[in-house]
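Engineer: Before I ask anything, let me first share the structure, which is written out below as C-alpha cells.
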Amino acid sequence: SFCTLLEYVWLVKSKLLTRLDMRALSLSLLALLVLAASAFAAPVLNQPRRFVQPKEWVYINGQFNETDKIVLSYSNGQTVEAGIYLYNNQSGGFTVPENPPAVTATIAVRAKSSDSAAGGVSHAYDIAVGVPAGKPNGISLYSFNTRPGCYNYVDGSNFFVSGSKITLSANSDGSGEPQVSVGVTAYNSNQMGFTVPNAALGLSASGKVFVTVTTPLGKATSERPMIVNNGTSNGFC
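The structure is reproduced here in C-alpha cells:
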C-alpha cells in the first residue's frame with residue numbers, strides 16, 4: 013500500500029542518516045584524538061650528540077605550555093628543574109645548570125606539563141653532562157672572506173662552553189705579536205662564534221688572519237686564514 017511504501021522510504025532514510033551520522037561522528041572523534049595527541053606530543057631534544065656541558069643552551073621541539081618545566085634527573089638521585097624559554101608553543105630551549113649535582117652523570121630530560129594525563133612527564137632522554145676531555149682541534153671557519161663588524165662561526169671539536177678563548181694573529185701557528193683577543197660565544201662542544209674587530213685589519217698587510225681557539229686543555233689554530241677586508245658591517249656577512 014501507499015502507507016507501507018512511505019514507511020519503507022522513511023526507514024531507509026533513517027538508516028542512511030544514521031550511517032552518515034555515525035561516519036561523521038567517527039571522523040569527529042578521530043580529529044579530536046589527533047588534536048589531543050598533538051597537544052601532548054612528546055618533546056624532541058635537538059641534541060644528536062647526547063652530550064651537553066654546564067651552561068650550554070639546548071634546543072627542544074614539541075608541544076609546550078608556559079607552565080612546562082625541564083626536569084633533570086641525575087644518576088645520583090638528585091633532580092633539578094630548569095625553565096623552558098619558548099619561542100612559540102612548538103619550540104624552545106633550556107640552559108643546563110652551571111653546577112650540576114654530578115658533572116659526568118647521565119640525566120633524563122623531561123618536559124613537565126600540568127595538563128599532561130601522564131602525571132606531568134612527557135618524554136625522557138639520556139644525555140651525559142660533562143666537559144671535553146681533550147684539546148681543541150679541526151678548527152674551520154664559516155666565512156673566509158670578511159670585514160670588521162661581521163659575525164663568523166668557528167667549527168671544530170672539544171670546545172668549552174665556559175672557558176674558551178679566541179685570538180687572532182698573522183701567524184699560521186697562532187704565535188707571535190701582534191695578537192688580538194676577541195669576545196667569543198661558545199654554543200656547544202663543536203661550535204662557537206665571534207665578531208671580527210676593527211683591530212684585525214692591522215694584523216697583516218695581506219689581510220690574512222689566523223684564528224686560534226684556546227681552552228683549559230690546549231689550543232688549536234685554523235689551517236686556512238680568513239681574509240679581513242677594509243670596510244665595516246654588522247651581523248652576518
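According to this note's numbering, the sequence shown holds residues 13 to 249 in order. Built from N, CA and C at the ideal position, the CB exists for glycine as well. Quick caveat: nothing in here was measured; it's all calculated off a predicted structure.
Could you pull the start and end residues of the beta strand (DSSP E) that residue 189 belongs to?
Structural biologist: Neither: residue 189 is in no beta strand (DSSP E) and is coded neither H nor E.
Engineer: Pick helix, strand or coil for residue 198, following the three-state DSSP scheme.
Structural biologist: It is a strand residue.
Engineer: So does residue 137 have its beta carbon nearer than 6 Å to some heavy atom of the ligand MG?
Structural biologist: Looking for the ligand MG in the displayed structure turns up nothing, as the structure carries no ligands at all.
Engineer: Tell me, to the nearest whole angstrom, how far the beta carbon of residue 148 is from that of residue 168; I am working on the premise that it is less than 8 Å.
Structural biologist: The Cβ separation is near 6 Å, so the contact holds.
Engineer: Let me know the secondary structure DSSP gives residue 146 once reduced to three states.
Structural biologist: Residue 146: coil per DSSP, three-state reduction.
Engineer: Measuring only the C-alpha atoms, how far is residue 238 from residue 178?
Structural biologist: Computed Cα separation, rounded: 14 Å.
Engineer: My understanding is that residue 65 touches residue 92, with C-beta atoms under 8 Å, so please give their C-beta distance in whole angstroms.
Structural biologist: In fact, because the Cβ distance is near 15 Å, the residues do not count as touching under 8 Å.
Engineer: Can you list, in chain order, the residues of its chain with a C-beta nearer than 8 Å to that of residue 170? Leave out the 5 residues immediately preceding and following it.
Structural biologist: Here the set comprises 144, 145, 146, 147, 148, 149, 201, 227 and 229.
Engineer: Just the C-alpha distance for residue 234 and residue 76, rounded to the nearest angstrom, thanks.
Structural biologist: About 41 Å.
Engineer: Between which two residues does the beta strand (DSSP E) harbouring residue 239 extend?
Structural biologist: Counting along the chain, the beta strand (DSSP E) containing residue 239 begins and ends at 238 to 240.
Engineer: I'd like the span of the beta strand (DSSP E) that includes residue 137, first residue to last.
Structural biologist: Premise fails: residue 137 is in no beta strand (DSSP E) and is neither H nor E.
Engineer: Note down, in chain order, each residue of its chain lying with its Cβ closer than 6 Å to the Cβ of residue 181, except the 5 sequence neighbours on either side.
Structural biologist: Result list for residue 181: 191 and 222, in chain order.
Engineer: I think residue 194 touches residue 204, with their Cβ atoms under 8 Å apart; what is that distance to the nearest whole Å?
Structural biologist: So it is not a contact: roughly 11 Å between Cβ atoms.
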